[in-house]
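Residue numbers (this note's numbering), protein chains in the order written: chain Y, 1 to 134; chain C, 135 to 268.
Comments concern the structure below.
2 protein chains.
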Amino acid sequence: MHFTNDELIEYLRKNNIRPSNIRLKVLKYLLENRNHPTVEDIYHHIIHEIPTLSRTSIYNTVNLFKDRGIVNELSLNEKELRYDINTRLHGHFKCESCGNIYDFQVAENIGDGLKGFVVYKKDINFYGICINCQ
Amino acid sequence: MHFTNDELIEYLRKNNIRPSNIRLKVLKYLLENRNHPTVEDIYHHIIHEIPTLSRTSIYNTVNLFKDRGIVNELSLNEKELRYDINTRLHGHFKCESCGNIYDFQVAENIGDGLKGFVVYKKDINFYGICINCQ
DNA sequence: TAATAAAATTGTAACCATTACAATTTTAAA
DNA sequence: TTTAAAATTGTAATGGTTACAATTTTATTA
């Protein structure tokens, strides 16, 4: 999947995020890879294009994206947090053997028992051994 | 709910955990309160009964309980981890207003799409505003 | 265009829950 | 009692993330 600069700028503007060089590159990476990267992953990918890049800028960027609702922060019982550009409801499976993270479908009515509760974030994370590691 | 010492000892022995004073007190606290406490919560509750108690002992104990499968570790996007003596499948709802953590039912067949995957941990955590804080 | 303000970026230091580890104490076994 | 094993303790280290001030870049206005 490939996104033009104009598409990336539009994506950010629609979500009330001023486009900047760093933000466009982070967004592009998230959209074109969709690999639930850590801050370190993102940093290493972009440092080659922006040699003065600071890790703090990546932290600032993903936190801004999170506040604006265009990424979800994943806490998968690892040391580092991960970021997911896919904000539609889905589950994550982490293979403890190969480390891969798989998306899986989840019924929309999960948690419907919470009547009267306002839910604005749903984390569904499974752990185990994936089919390729058996 | 109240547990006798003999019941607590039996509970640990059945799960291959040598009973000790600290372990019995931690287990008793988890069973009788069921409030998803942090290490700090547990420590503060027991320090009155064991003045020489060390935080490390609480860390050791909850990690041992986790390894033996009698508690689940909850990562609810807080600084601290929490521990839940109820290891049956259920979801957690964290109210961002009052901080309360609610259990809720979850269909047993959630994640059945993961055919061929061995799942040994299921985390289902929701965040929002509870019915009492609206 | 220049001057000014606002926003973005950077780098360092601090934070702090958790773990590592060695020393001490307690418990169990012989 | 002796000895070994296990449990507990206290301190130091870890390391991802945040705080914050300084610098740079971008946008606005005269």
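Think of the CB as a built atom: it goes at the ideal place given N, C-alpha and C, for glycine as much as any other residue.
Nearest-angstrom Cα separation, counted from G247 of chain C out to I131 of chain Y: If you draw a straight line from the Cα of I131 of chain Y to the Cα of G247 of chain C, it is about 12 Å long.
R152 of chain C, buried or exposed, once every other Cβ within 10 Å from all chains shown has been counted against 16: exposed
Neighbour flag for G203 of chain C against chain Y, beta carbons, 8 Å: no
Cβ neighbours of L164 of chain C in the same chain (closer than 6 Å, five flanking residues each side left out): I219
Helix, strand or coil at L64 of chain Y according to DSSP, with G and I counted as helix: helix
Proximity test, Cβ basis, 8 Å: D101 of chain C and chain Y: This structure leaves residue 101 of chain C out entirely; chain C is present only between 135 and 268.
Contacting residues, own chain, Cβ-Cβ under 8 Å from I181 of chain C (five flanking each side not counted): Taking C-beta separations shorter than 8 Å and ignoring five residues to either side along the sequence, the partners of I181 of chain C in its chain run L187, following chain order.
C95 of chain Y versus C:P185, C:G262, C:G250, C:E144, residue with shortest Cα-Cα distance: With distances taken between CA atoms, C95 of chain Y lies nearest to C:G250 out of C:P185, C:G262, C:G250, C:E144.
Neighbourhood of N72 of chain Y by C-beta, 6 Å cutoff - its chain only, sequence neighbours within 5 removed: D84, T87
Delimiting residues of the alpha helix (DSSP H) encompassing R23 of chain Y: 21 to 33
Proximity below 8 Å, CB of G91 of chain Y to CB of G245 of chain C: yes
Check whether H170 of chain C and R216 of chain C have beta carbons under 8 Å apart: yes
Interface residues of chain Y facing F238 of chain C [CB-CB closer than 8 Å]: Within chain Y, the residues near F238 of chain C are G111, G113, L114.
Cβ-based burial, D140 of chain C [other Cβ within 10 Å; buried from 16]: exposed
Contact set between K122 of chain Y and chain C, taken where Cβ atoms lie within less than 7 Å: K122 of chain Y reaches chain C at F260, counting residues in chain order whose Cβ is nearer than 7 Å.
Residue interval of the alpha helix (DSSP H) (run including L74 of chain Y): Not the alpha helix (DSSP H): L74 of chain Y falls in the beta strand (DSSP E), residues 72 to 74.
Contact set between G225 of chain C and chain Y, taken where Cβ atoms lie within less than 7 Å: G111
Three CB pairs or more closer than 8 Å across the segment 231 to 239 of chain C and the segment 193 to 202 of chain C: no
Test: C130 of chain Y CB closer than 8 Å to a CB of chain C: yes
Span of the beta strand (DSSP E) around R216 of chain C: 216 to 218
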